[in-house]
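Participant: After the structure tokens below, expect a handful of questions from me.
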Amino acid sequence: MSLSRGHIQKTLDADAKLKSVTPIIQTLYIDDNVPAWLVSRILEQYFDFEISGLYGFLPYRTYTKHSQGCLRKRFVKKNIKTTGVKKRIRTKNSEERREEVILSILRSICSVRFTPLLRAQPRLQRYRLHEKAIYSISQLLSSMFVQGSDQTWTSSPVGFVRPDGTELSPDKWRAIEAYCDSISTMLRCNQTKVAQLLLINLVNNLEGFIDEMNPLFLGRIWKLAMLLHGFDRRAPHLQAVATVIGRMRNDSYTIYGPKNPVADILNCIMGVEEADFRITIQIGFQDTLKSLDDKVSDENIMTLNLWSTYAQYFCKPYVKPVKRKPLSSSPAPQPKTFTKAKRKSASESPPYERLRDSIRSDVLLLKLKQVRERCFNSERISSEQWRQSDACVRVSHYFAYTAFWVCGETDEAADMARDIIQQTQPIMASHPVWTSRAMAFTVASRIRAANYRYWLAENRRQHLSHQSYWAVLDTLFMETAKVALGTSRTVRSVKRQDAEGAAHARVLVKDDETPSKLEENSWHFQGLTLLT
């Protein structure tokens with residue numbers, strides 16, 4: 001007799017399958033005294049096993065005496081006294097017997113089929129913080145937006161509306177962003193002691209920050225976490241995340257108790273591992289935005305601003321930025337490896353070219369235009385009053401920011417920046433404090449300066465030399481900053497080669513403007529350091 005490899009494998013498979021169903025046969029046929037035909041049917045229907053096909057038995061597919069005989073020959077019931085097998089008691093009550101057999105079958109199937117073969121592994125603890133944070137986001141937003149309730153938040157084209165009907169103001173977050181901009185500037189200038197003092201002032205101004213939970217907190221906390229994490233990477237001794245987020249968490253313990261959704265979100269930001277930090281912030285930010293879309297419409301300027309912030313941070317590859325040398329210096333050497341070349345190309349391309357399918361820049365810009373049109377109501381307010389209102393400045397600010405840095409619409413952003421400067425420049429000159437107008441003026445000035453720099457880069461060979469280029473660019477930044485700060489001096493000592501350079505130097509301000517002087521430790525001075 002010749003045995004091939006297939007015969008051996010078939011025999012081994014049959015033996016392994018028999019061993020897997022042996023406990024079931026032992027439980028049903030031997031212990032519970034279930035009839036042989038019913039056991040054979042259970043094995044074939046639930047476990048795809050035919051007892052009649054074992055070791056030369058006839059492979060009948062019907063439940064006849066052959067299958068019963070195969071089962072009885074293979075599993076012989078011995079003497080009842082020696083084996084302890086229960087003797088089946090014949091009864092006329094078929095319903096009781098049927099119920100007993102069904103319960104026995106279910107117990108056998110559950111004990112054998114659904115018992116894991118491997119040992120139970122300990123529960124992974126790595127992502128418990130993420131699960132709590134995601135659940136807390138849903139819980140907080142569900143408690144804020146309750147349909148049919150009088151104590152629910154609502155949305156308007158300008159932003160969010162409290163249950164009492166008042167508009168939610170982003171002034172607190174604007175102050176925090178001003179501190180973060182100042183800290184970032186000080187760290188870039190290697191002024192770590194000044195950055196430490198600014199961080200202390202930021203923590204001291206968090207008093208009462210989370211007394212009222214609002215939808216804007218869930219959207220802005222993720223960007224704040226990324227900014228603080230960037231400070232820690234540049235200067236680890238600052239411990240910005242532990243200091244600021246820790247203060248917020250302690251305040252949440254005091255206000256809401258030891259177990260609250262706010263503390264779970266802050267614990268996730270503080271306790272996540274370094275390798276998972278960025279993806280954690282992205283998941284939290286994205287889940288917040290999707291939950292807001294489910295609860296309220298995204299046709300308000302604050303939600304669209306959050307979407308644009310998400311697109312700027314997460315809809316492009318996370319690469320290390322390449323330090324650019326001045327245009328007047330020698331060209332930088334080409335990268336030696338393909339990875340470095342790809343990183344350099346990705347870092348130099350604008351954000352709107354790196355958008356993914358998750359957020360379309362054209363749709364985002366279209367929604368911004370629709371919201372901007374809905375914000376102005378000619379029946380309630382005149383056009384001139386609307387242009388002078390804080391809501392108009394806020395809408396224009398967010399629109400210019402998204403159009404320039406996210407969507408790549410530089411022309412529309414430049415037009416909007418020009419309007420913002422015209423609206424905010426008189427107020428900044430007369431009463432310069434760090435408000436929504438100051439932030440909008442800063443963003444608009446940066447857009448104008450960036451556009452002017454692009455123009456100079458394209459036309460530097462035809463119009464200006466390298467020395468004149470840097471002089472005019474420095475003049476542009478200095479004049480913009482001094483108008484915002486309200487100093488009484490005007491830059492006049494810049495060397496210009498022709499009248500065209502002087503005209504470009506005065507692109508933002510006039511020479512005869514003499515605002516009042518301010519202290520250098522004031523709010524607006526700390527925030528406007530980002531211009532340099």
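Under the UniProt record's numbering, the first residue of the sequence shown is numbered 1, with each subsequent residue one higher. Every residue gets a Cβ at the ideal spot worked out from N, C-alpha and C, and that includes glycine. In this text the structure is predicted, and so the values were computed from the model without any measurement.
Could you tell me the alpha carbon to alpha carbon distance between Ala14 and Pro23, rounded to whole angstroms?
Facilitator: Straight-line Cα distance between these residues: approximately 16 Å.
Participant: Using three-state DSSP, classify Val161 as helix, strand or coil.
Facilitator: DSSP places Val161 in strand when its eight states are reduced to three.
Participant: With DSSP as the reference, label Glu167 as helix, strand or coil.
Facilitator: Correct three-state label for Glu167: strand.
Participant: Considering just the uninterrupted stretch of the alpha helix (DSSP H) at Thr309, what are its terminal residues?
Facilitator: From DSSP, the alpha helix (DSSP H) with Thr309 extends over 301 to 314.
Participant: Return the chain-ordered list of same chain residues with a C-beta closer than 6 Å to the C-beta of Thr83, the five sequence neighbours on each side being excluded.
Facilitator: Confidence at Thr83 is low in this model, with a pLDDT of 48, below 50, so the placement of that residue should be treated as unreliable; the coordinate-derived value is given next. Cβ within range, chain order: n/a, list empty.
Participant: Which same chain residues end up closer than 7 Å to Asn267 when comparing Cβ atoms and leaving out the 5 residues on each side of it in sequence?
Facilitator: Closer than 7 Å at Cβ, skipping near neighbours: Leu129, Arg249.
Participant: Take Gln45 as the anchor and find which of Val21, Lys132, Ile210, Ser291 has the nearest alpha-carbon.
Facilitator: It is Val21 whose Cα lies nearest to the Cα of Gln45.
Participant: CB Ala444 to CB Ala400, shorter than 8 Å?
Facilitator: Contact: yes.
Participant: Are Val203 and Thr243 closer than 8 Å when you measure CB to CB?
Facilitator: Yes, the Cβ-Cβ distance between Val203 and Thr243 is below 8 Å.
Participant: Which whole runs of the alpha helix (DSSP H) in the region 233 to 266 are 4 residues long or more, in chain order?
Facilitator: Listed in chain order, the complete alpha helix (DSSP H) runs (minimum 4 residues) inside the region 233 to 266 are 246 to 256.
Participant: What residue range does the alpha helix (DSSP H) around Asn205 cover?
Facilitator: Counting along the chain, Asn205 falls outside any alpha helix (DSSP H), and DSSP gives it neither H nor E.
Participant: Could you give the residue range of the alpha helix (DSSP H) that holds Pro35?
Facilitator: From DSSP, Pro35 is part of no alpha helix (DSSP H); its letter is neither H nor E.
Participant: Between which two residues does the alpha helix (DSSP H) harbouring Trp153 extend?
Facilitator: Careful: Trp153 lies outside any alpha helix (DSSP H) and carries neither H nor E.
Participant: Using CA atoms only, rank isn't needed, just tell me which of Gln239, Asn201, Glu412, Leu292 is closest to Met144.
Facilitator: Looking at the Cα atoms, Leu292 is the closest of the given residues.
Participant: State the start and end residues of the unbroken alpha helix (DSSP H) segment that holds Asp276.
Facilitator: Looking at the DSSP string, Asp276 is not in any alpha helix (DSSP H), and its letter there is neither H nor E.
Participant: So, using beta-carbon positions, are Leu206 and Ala195 closer together than 8 Å?
Facilitator: The answer is no: Cβ separation not under 8 Å.
Participant: For the alpha helix (DSSP H) containing Val395, name the first residue and the last one.
Facilitator: Element bounds for Val395: 390 to 405.
Participant: Reducing DSSP to helix, strand and coil, say where Thr442 ends up.
Facilitator: Note: Thr442 maps to helix in three-state DSSP.
Participant: How would you label Ile279, buried or exposed, when you count the other beta carbons within 10 angstroms and need 16 or more for buried?
Facilitator: Ile279 should be labelled exposed.
Participant: Let me make sure I understand the geometry here. Which of Glu167, Ser252, His237, Lys223 has the alpha-carbon closest to that of Gly208?
Facilitator: Nearest C-alpha to Gly208: Ser252.
Participant: To the nearest angstrom, report how far apart Ile134 and Phe285 are at their CA atoms.
Facilitator: Distance between the alpha carbons of Ile134 and Phe285 is about 10 Å.
Participant: According to DSSP, simplified to helix, strand and coil, what is Glu373?
Facilitator: If DSSP states are grouped into helix, strand and coil, Glu373 belongs with the helices.
Participant: Could you give the DSSP three-state label for Met213: helix, strand or coil?
Facilitator: Coil.
Participant: Considering only their Cβ atoms, is the gap separating Lys295 from Leu197 smaller than 8 Å?
Facilitator: In this structure, Lys295 does not lie closer than 8 Å to Leu197 by Cβ.
Participant: If you measure from the CB of Asn201, is any heavy atom of the ligand FAD nearer than 7 Å?
Facilitator: Because no ligand of any kind appears in the structure shown, any question about the ligand FAD cannot be addressed here.
Participant: In whole angstroms, what is the alpha-carbon distance linking Asp32 and Ala16?
Facilitator: Their backbone Cα atoms lie some 24 Å apart in a straight line.
Participant: Just confirm the distance between the C-beta atoms of residue 538 and Thr288, as a whole number of angstroms; I'd bet it's less than 8 Å.
Facilitator: Because the chain is modelled from 1 through 532, residue 538 falls outside the range shown and cannot be assessed.
Participant: Cα separation between Ile276 and Arg234?
Facilitator: It is Asp, not Ile, that sits at residue 276 in the sequence shown. So the alpha carbons of these two residues sit roughly 18 Å apart.
Participant: Whole angstroms is fine: what's the gap from Ala438's alpha carbon to Glu167's?
Facilitator: If you take the alpha carbons of Ala438 and Glu167, they lie about 20 Å apart.
Participant: In the structure shown, what three-state DSSP assignment does Gly408 receive?
Facilitator: DSSP places Gly408 in coil when its eight states are reduced to three.
Participant: Which whole-angstrom value describes the C-beta separation of Ala225 and Ile281, a residue pair presumed to lie in contact below a C-beta threshold of 8 Å?
Facilitator: Right, the Cβ-Cβ distance comes to about 6 Å (below 8 Å), so this counts as a contact.
Participant: Can you grab the Cα-Cα spacing for the pair Glu384 / Val395, in whole Å?
Facilitator: One C-alpha to the other measures close to 15 Å.
Participant: Check each candidate in Trp222, Tyr256, Lys259, Pro258 and name the one with the smallest Cα separation from Val241.
Facilitator: For the residues Trp222, Tyr256, Lys259, Pro258, the minimum Cα distance to Val241 belongs to Trp222.
Participant: Please report how far the alpha carbon of Asn260 lies from the alpha carbon of Phe217, in whole angstroms.
Facilitator: Spanning the two alpha carbons is a distance of roughly 15 Å.
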